[in-house]
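Below: the structure, in structure tokens.
Listed below in structure tokens is the structure:
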């Protein structure tokens, strides 16, 4: 009798583990700078990616197979990002990689994924990631150039043609500065002051004093928190009355909290996520946006933001590729390239062999800060 | 807007940043003079002051003056613990050991702050509104006046402390000759502990008064610490007026540097630091090495 029980238990265990083997999870790798200076990007991205994967698994996975997310923290360090990308590819044997969070890290990882032939969906904004197009590299963050165009269109509408730009001296600011210079001429705008500040600077009155003494009619500041909040405060302190434009790098509530009253009236381009509730029901992204904001709020107690949205889009693009039948790295790449009309958080994506960024300037809306909240301008 | 107005704005902005550097430099100098240690965790005390201020004000909902006081007291307490557990246990301290320990301590404190309060940047409200005050073509915030006032009070306070109280004089004595001070009955260890309390409290105040303007996060201490160190070097590690002037000079030069070309702002501080270490290691204002306090 005892023997029979033992045998039965043995077979039961065998059967169960066989079942477990059959439904081996699909592994997706993620590289985010959860710590380090870009943690304001990496943390919501990591949280969002995990949330989406858990949601997919809770509803039975994709075609009966669960997803497994392997996340590593790059701490904003390009060298570390390359090492961890290799680890994801060789040790964890992932089907695709999402991230890294910053342009610098992404550029460092690109040679690795191109060589190993692994699809990479970057969450960084730099245009050079997908320009020129690389076979295995896609991105979900909107190109900086699109944000610049949004601002310049507004300036043109307000008949402003002399502008001062103040950009942060890091990758984000450098890319923004480049795009501002490229697009200025075609909107008839001349950049009368072109100045920078350090990412850790705590006082920009010197640069702004110079701008106050110039003939600029508007100021564009390009940076990520906390620098632009200091700029906003300094502008108010110096009594500068010029309209102040910011980049999508500060489109989170944190900026309003930091800049306080000084944030009032600032205009910036942003992904639609911060004005999700103000969008008309006809907007194709409305359902995705409202769903994302609400579930993030429920899980983490804060509103889901623009940056986490990049990870939401990346994971869902992979999900769609697998749903369309992709089971290998090569097939996922092919399916990603065919992705069209995907209404995500960052915009409506239409990838093709010539376009691995997939978005148009409609991915951005212009918002004004009013009464400590966002107000859609158009 | 003409050039002289711009110049005045640069100088005023520079003086207010410089006042903060001066306070941090003072913290460096006080510890250096009573222990011979360059405490590289000084910047972390500044960060702790700011972050604790934010914590008591926003999380605990206390009134700003009370949050201010509590933050200073708790930071001073951290200073005591730091001295007790990181500095004192060392039996035969060499300058190298001390430097490594204080750097290690600063990394530890930064880590603690990151875990306790996260990586976000935080801000305190200004002490009395943020309507800019015009002053001969340049503008200031009321908070800048607070910074100047508190800095001046602290400088006068430390000056009086060192020259008019028994404890202050005892600390000065330790600075001149620790062994002799011990022989005449001064409790050298207590004086060292005092110096840590004093400099961490001054650092904390600096951290709180700038938090409304520059904001604060777990990693602001690094740069502020280095700038304060630079101020102290210019002042020849004196815990009096020379360090204060060093801080103000640094702030103004930085501001002018940024006005000239913003890329060189931080470089200004470090070029000055290097030049002084090369050519006048005893500081810009002192003649010999006898006057340190």
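Chains as they are written, first to last, in the numbering used here: chain A, 1 to 378; chain B, 1 to 293. All C-beta atoms, glycine included, are put in the ideal place defined by N, C-alpha and C.
**Message:** Can you confirm whether residue 293 of chain B, when its beta carbon is compared against all beta carbons of chain A, has any partner nearer than 8 Å?
**Reply:** Within the second chain, numbered from 1, the residue matching residue 293 of chain B stands at position 293. Bear in mind that a pLDDT of 46 at residue 293 of chain B, under 50, signals an unreliable position, so the model cannot answer this.
**Asked** Per DSSP, residue 342 of chain A forms a beta bridge with which residues?
**Response** Walking along the first chain from the start, residue 342 of chain A turns up at place 342. Paired residue(s): A:349.
**Message:** Considering Cα atoms alone, identify which of A:145, A:228 and A:212 is closest to residue 186 of chain A.
**Reply:** As a first step, residue 186 of chain A is located in the first chain; it is residue number 186 there, counting from the start. For residue 186 of chain A, the nearest C-alpha among the options comes from A:145.
**Request:** Within its chain, find whatever has a CB closer than 7 Å to the CB of residue 219 of chain B; leave out the 5 residues flanking it on each side and keep chain order.
**Result:** For the purposes of this step, residue 219 of chain B is taken as the residue at position 219 of the second chain. Excluding sequence neighbours, residue 219 of chain B sits near 110.
**Asked** Looking only at DSSP bridge pairs, what is residue 376 of chain A linked to?
**Response** On the first chain, position 376 is the one that residue 376 of chain A refers to. According to DSSP, which records beta bridges pairwise, residue 376 of chain A is partnered with A:367.
**Request:** Kindly list the residues whose CB is nearer than 6 Å to the CB of residue 206 of chain B, restricted to its own chain and excluding five residues on each side of it in sequence; keep chain order.
**Result:** Here residue 206 of chain B is taken as the residue at index 206 of the second chain, counted from 1. Answer for residue 206 of chain B: 20, 23, 24 and 46, listed in chain order.
**Request:** Quick one: residues in its chain with C-beta nearer than 6 Å to the C-beta of residue 229 of chain B, no 5 flanking neighbours on either side, listed in chain order?
**Result:** Taking the first residue of the second chain as 1, we reach residue 229 of chain B at position 229. So the list reads 28, once near-sequence residues are dropped.
**Three-state secondary structure assigned by DSSP to residue 123 of chain A** = In the first chain, residue 123 of chain A corresponds to position 123, counting from 1. Residue state, collapsed to three classes: coil.
**Request:** Pull up the distance between the alpha-carbon of residue 45 of chain A and that of residue 138 of chain B, whole angstroms please.
**Result:** For the purposes of this step, residue 45 of chain A is taken as the residue at position 45 of the first chain. For the purposes of this step, residue 138 of chain B is taken as the residue at position 138 of the second chain. Between residue 45 of chain A and residue 138 of chain B, the C-alpha separation is close to 43 Å.
**Asked** Using the beta-carbon count (16 or more within 10 Å), is residue 189 of chain B buried or exposed?
**Response** If you number the second chain from 1, residue 189 of chain B lands on position 189. Classification for residue 189 of chain B: exposed.
**Item:** residue 215 of chain B versus residue 185 of chain B - alpha carbon distance
**Value:** Mapped onto the second chain, residue 215 of chain B falls at position 215. Mapped onto the second chain, residue 185 of chain B falls at position 185. For residue 215 of chain B and residue 185 of chain B, the distance between alpha carbons rounds to 45 Å.
**Message:** What ranges does the beta strand (DSSP E) occupy inside the region 37 to 111 of chain A, keeping only unbroken runs of at least 3 residues that lie completely in it?
**Reply:** 67 to 73 and 96 to 98
**Item:** Euclidean distance between Cα positions of residue 302 of chain A and residue 36 of chain B
**Value:** Working through the first chain from its first residue, we reach residue 302 of chain A at position 302. Working through the second chain from its first residue, we reach residue 36 of chain B at position 36. Using only the alpha carbons, I get a separation of about 48 Å.
**Prompt:** Which of helix, strand or coil does DSSP assign to residue 70 of chain B?
**Reply:** Translated into the one-based positions of the second chain, residue 70 of chain B becomes position 70. The answer is helix: DSSP assigns residue 70 of chain B an H, G or I state.
**Request:** Kindly say whether residue 289 of chain B, judged by its beta-carbon, lies nearer than 8 Å to any beta-carbon of chain A.
**Result:** Stepping through the second chain from its first residue, residue 289 of chain B is reached at position 289. Its pLDDT being 49, under 50, residue 289 of chain B is placed unreliably in this model, and the coordinates cannot settle the point.
**Asked** Quick one: does residue 275 of chain B have its CB under 8 Å from some CB of chain A?
**Response** Translated into the one-based positions of the second chain, residue 275 of chain B becomes position 275. With 8 Å as the cut-off, residue 275 of chain B does not count as an interface residue toward chain A.
**Prompt:** Identify the residues that DSSP records as bridge partners of residue 221 of chain A: which are they?
**Reply:** Within the first chain, the letter at position 221 stands for residue 221 of chain A. Answer is A:166 and A:246.
**Message:** Which residue marks the beginning of the beta strand (DSSP E) containing residue 133 of chain B, and which one marks its end?
**Reply:** Here residue 133 of chain B refers to the residue found at position 133 when the second chain is read from its first residue. Segment 133 to 135, the beta strand (DSSP E) holding residue 133 of chain B.
**Item:** Closest Cα partner of residue 104 of chain B within the set B:85, B:77 and B:171
**Value:** The residue labelled residue 104 of chain B in the question sits at position 104 within the second chain. Ranking the options by Cα distance to residue 104 of chain B, first place goes to B:85.
**At least 3 beta-carbon pairs within less than 8 Å: the region 272 to 290 of chain A vs the region 93 to 112 of chain A** = no
**Prompt:** Whose C-beta lies closer than 7 Å to the C-beta of residue 42 of chain B among residues of the same chain, with five residues either side of it excluded?
**Reply:** As a position in the second chain, residue 42 of chain B is number 42, starting the count at 1. If we look at residue 42 of chain B and ignore the five residues flanking it on each side, its Cβ neighbours are 24, 27, 28, 199, 203, 225 and 228.
**Asked** Are three or more beta carbon pairs between the region 341 to 349 of chain A and the region 311 to 320 of chain A nearer than 8 Å?
**Response** yes
**Message:** For residue 271 of chain A, report the span of its beta strand (DSSP E) as first-last.
**Reply:** Translated into the one-based positions of the first chain, residue 271 of chain A becomes position 271. Its beta strand (DSSP E) spans residues 267 to 271.
**Sequence-distant residues of the same chain with beta carbon closer than 6 Å to residue 106 of chain B, five excluded per side** = Numbered from 1 along the second chain, position 106 holds the residue referred to as residue 106 of chain B. If we look at residue 106 of chain B and ignore the five residues flanking it on each side, its Cβ neighbours are 40, 41 and 44.
**Message:** Ignoring anything shorter than 4 residues, give me the alpha helix (DSSP H) runs that lie fully in the region 160 to 216 of chain A, in order along the chain.
**Reply:** 171 to 184 and 205 to 212
**Item:** Closest Cα partner of residue 223 of chain B within the set A:215, A:200 and A:241
**Value:** Here the question's residue 223 of chain B lines up with position 223 in the second chain. Here the closest residue by C-alpha is A:200.
**Message:** Quick check on residue 187 of chain B - is its C-beta less than 8 Å from some C-beta in chain A?
**Reply:** Translated into the one-based positions of the second chain, residue 187 of chain B becomes position 187. Not closer than 8 Å to any Cβ of chain A, the Cβ of residue 187 of chain B fails to qualify, so no.
**Request:** Alpha carbon to alpha carbon, how far is residue 242 of chain B from residue 268 of chain B? Give it in angstroms, no decimals.
**Result:** For the purposes of this step, residue 268 of chain B is identified with residue 268 of the second chain, where counting begins at 1. For the purposes of this step, residue 242 of chain B is identified with residue 242 of the second chain, where counting begins at 1. In a straight line, the C-alpha of residue 268 of chain B is about 19 Å away from that of residue 242 of chain B.
**Request:** From the DSSP output, in three-state form, read off residue 117 of chain A for me.
**Result:** As a first step, residue 117 of chain A must be located in the first chain, where it is residue number 117. Coil at residue 117 of chain A, not helix or strand.
**Item:** C-alpha gap between residue 351 of chain B and residue 190 of chain A, whole angstroms
**Value:** Residue 351 of chain B lies beyond the residue range present for chain B, which begins at 1 and ends at 293; the question has no answer from this structure.
**Item:** Length at least 4, wholly inside the region 276 to 329 of chain A: the alpha helix (DSSP H) runs in chain order
**Value:** 286 to 300 and 306 to 323
**Length of the line joining the Cα atoms of residue 355 of chain A and residue 129 of chain B** = As a first step, residue 355 of chain A is located in the first chain; it is residue number 355 there, counting from the start. As a first step, residue 129 of chain B is located in the second chain; it is residue number 129 there, counting from the start. Cα to Cα, residue 355 of chain A sits roughly 51 Å from residue 129 of chain B.
**Request:** Take residue 162 of chain A and list the residues in its own chain whose beta-carbon comes closer than 7 Å to its own, dropping the five residues that flank it on each side.
**Result:** As a working note, residue 162 of chain A is residue 162 in the first chain. Hits under 7 Å: 190, 192, 215, 216 and 217.
**Message:** So residue 128 of chain B contacts chain A; which residues on that side make the cut at Cβ distance below 7 Å?
**Reply:** Within the second chain, numbered from 1, the residue matching residue 128 of chain B stands at position 128. Per Cβ cutoff of 7 Å: no residues; residue 128 of chain B is ~14 Å from chain A at best.
**Request:** Can you grab the Cα-Cα spacing for the pair residue 83 of chain B / residue 205 of chain A, in whole Å?
**Result:** Here the question's residue 83 of chain B lines up with position 83 in the second chain. Here the question's residue 205 of chain A lines up with position 205 in the first chain. Cα-Cα distance, rounded: 38 Å.
**Prompt:** Are there 16 or more other CB atoms within 10 angstroms of the CB of residue 179 of chain B, so buried, or fewer, so exposed?
**Reply:** Against the second chain, residue 179 of chain B aligns to sequence position 179. Result: exposed.
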